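In the numbering used here, the protein residues as written are 2 to 152. Note that CB positions come from ideal geometry on N, CA and C, so glycine has one too. The structure presented is a predicted model; accordingly, all values stated were derived computationally and were not measured. All remarks here apply to the structure that follows.
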């Protein structure tokens, strides 16, 4: 269940976190993935391109990912917030998109993991970043996993 103090802190810090993510994306892209893909002490990150579901504005979000065969898996955690992140809604509206992993850009199709896929993949994402476990404990919503399939 959500802790109101935690949620209050997330709400207050979200504008700062958004600016940090924007800076991360700019450095990642400008360095062709040399800086930002693998940060010491952190899991690998990709850049997700997405288009606003309502605004049609192009956006870029850096996200942790895991590999699952040819697919990549991202986590719609938003730090355990009660609502899904905006990028999740954007991908549901516009699932065909692109990502950058290191220096490589790829075209992908995004879909929400099935319950069976989530059950299989959830322990793996928690192994990569243990914070996801706490995020899931703090929120009433089931945190979705999004599978990025090559297209």
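When we look at the beta-carbon of residue i and count the other beta-carbons within 10 Å, is it buried (16 or more) or exposed?
i, result
"residue 138", "exposed"
"residue 79", "buried"
"residue 61", "buried"
"residue 2", "Because residue 2 sits at a pLDDT of 46, beneath the cut-off of 50, its placement in the model cannot be relied upon, and the following sentence gives the value as read from the coordinates. Exposed, since its Cβ has fewer than 16 Cβ neighbours within 10 Å."
For residue i, report the span of its beta strand (DSSP E) as first-last.
i, result
"residue 60", "59 to 69"
"residue 122", "Unbroken run through residue 122 is the alpha helix (DSSP H), 116 to 129; no beta strand (DSSP E)."
"residue 99", "97 to 102"
"residue 50", "46 to 52"
Span of the alpha helix (DSSP H) holding residue i?
i, result
"residue 138", "132 to 139"
State yes or no: is the C-beta of residue i within less than 8 Å of the C-beta of residue j?
i, j, result
"residue 50", "residue 19", "no"
"residue 145", "residue 113", "yes"
So residue i packs on residue j, CB below 8 Å; how close in whole Å?
i, j, result
"residue 132", "residue 38", "Actually they are not in contact, since the Cβ atoms of residue 132 and residue 38 sit about 19 Å apart, beyond 8 Å."
"residue 86", "residue 25", "That belief does not hold up - the Cβ atoms of residue 86 and residue 25 are roughly 15 Å apart, past 8 Å."
Looking at the structure shown, is residue i part of a helix, part of a strand, or coil, going by DSSP?
i, result
"residue 75", "strand"
"residue 36", "coil"
"residue 16", "helix"
"residue 149", "strand"
"residue 2", "Per-residue confidence for residue 2 stands at a pLDDT of 46, beneath the threshold of 50, marking its modelled position as unreliable; no derived number is given."
"residue 92", "helix"
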